[in-house]
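Student: In the working numbering, the protein residues as written are 1 to 74.
Have a look at this one before I ask anything.
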């Protein structure tokens with residue numbers, strides 16, 4: 001390793017090698033999928049989900065998570 005290209009690790013880094021060299025790609029894919037999953041649905045869908053969540057005593061976010069996890073409506 002050339003001395004001029006050496007860059008010291010940042011704060012909190014233990015100086016060891018990265019444990020998973022493909023982690024950055026997976027993080028990129030996960031963030032893209034997360035953004036797509038939480039894309040705002042049409043207003044009518046949001047209002048219908050909000051009303052149903054209130055009937056069940058849940059928050060909108062919890063209700064939406066259940067829909068995404070199970071793939072069906074409660």
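The C-beta atom is built at its ideal place from N, Cα and C for all residues, glycine as well.
State the DSSP-derived secondary structure class of residue 50, mapped to helix, strand or coil.
Tutor: Helix at residue 50.
Student: Just tell me which of 49, 55, 33 and 42 has its CA closest to the CA of residue 67.
Tutor: Among 49, 55, 33 and 42, the Cα nearest to that of residue 67 is on 49.
Student: Residue 30 lies in the alpha helix (DSSP H); which residues open and close that run?
Tutor: Counting along the chain, the alpha helix (DSSP H) containing residue 30 begins and ends at 23-37.
Student: Rounded to whole angstroms, what's the CA-CA distance from residue 43 to residue 20? Just pull it up for me.
Tutor: Distance between the alpha carbons of residue 43 and residue 20: 41 Å.
Student: Can you tell me which of the three DSSP states residue 20 falls into?
Tutor: Coil, per DSSP.
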